[in-house]
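Right, one structure below, let's go through it.
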Amino acid sequence: MTTQMKIKTYLVAGIKAALLDTTGIKLASKSETTSHTYQHQALVDQLHELIANTDLNKLSYLNLDAFQKRDILAAHYIAKSAIRTKNLDQMTKAKQRLESIYNSISNPLHSQNN
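Here UniProt numbering is used: position 12 in the sequence shown is 12, and no number is missing along the way.
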């Protein structure tokens with residue numbers, strides 16, 4: 001083999017190794033993105049469900065005071081803006097806030113029914 005052939009062989013082997021390496025990296029990042037997307041979509045769905053459960057029009061029969069109504073509206077706004085920005089930290093905080101509001105509203109209802 002001449003030196004030109006050796007150089008070509010090394011170049012081809014190096015390019016193949018680089019291509020194989022980048023393909024593996026792309027596959028790994030794609031699976032991470034898929035799991036991240038699934039978790040993100042699940043959180044968005046949970047937020048939409050909580051927003052629907054704490055809708056003021058549906059809760060009008062509860063005779064909520066003005067503070068509770070403002071709190072619900074503020075929590076809805078925060079949740080919707082978190083969904084728009086796709087910020088997982090904000091979505092998690094909004095979900096916790098909506099859950100606490102939902103629980104505080106539903107607990108007196110359960111005690112009244114018993």
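Even glycine gets a Cβ: it sits at the ideal position worked out from N, Cα and C.
If you're wondering where the values come from, they're calculated on a predicted model, not measured in any experiment.
Three-state secondary structure assigned by DSSP to Leu73:
As a working note, residue 73 is residue 73 in the sequence shown. It is helical.
Secondary structure of Leu11, DSSP reduced to three states
On the sequence shown, position 11 is the one that residue 11 refers to. Looking at Leu11 - three-state DSSP - the assignment turns out to be helix.
With three or more C-beta pairs closer than 8 Å as the rule, is the segment 52-66 touching the segment 3-18?
no
So does the segment 58-67 actually touch the segment 87-101, counting three or more Cβ pairs closer than 8 Å?
no
Beta-carbon contacts of Thr85 that lie in its chain and below 6 Å, excluding the five residues immediately before and after:
Indexing the sequence shown from 1 puts residue 85 at position 85. So the list is empty, once near-sequence residues are dropped.
Can you tell me which of Arg97, Leu59, Lys8 and Ala82 puts its alpha carbon nearest to the alpha carbon of Val44?
Looking up residue 44 in the sequence shown gives position 44. The option with the nearest alpha carbon to Val44 is Ala82.
Please list, in chain order, all residues of the same chain as Thr9 whose beta carbon is under 7 Å from its beta carbon, the five residues on each side excluded.
If you number the sequence shown from 1, residue 9 lands on position 9. Hits under 7 Å: none found.
Could you tell me the distance, in whole angstroms, from the CA atom of Asp71 to the CA atom of Gln41?
On the sequence shown, position 71 is the one that residue 71 refers to. On the sequence shown, position 41 is the one that residue 41 refers to. Spanning the two alpha carbons is a distance of roughly 25 Å.
Since Leu98 and Leu59 should fall inside the 8 Å C-beta cutoff, what is the C-beta to C-beta distance between them, to a whole number of angstroms?
Taking the sequence shown and counting its residues from 1, the one referred to as residue 98 is at position 98. Taking the sequence shown and counting its residues from 1, the one referred to as residue 59 is at position 59. Incorrect: roughly 13 Å between the Cβ atoms, too far for contact.
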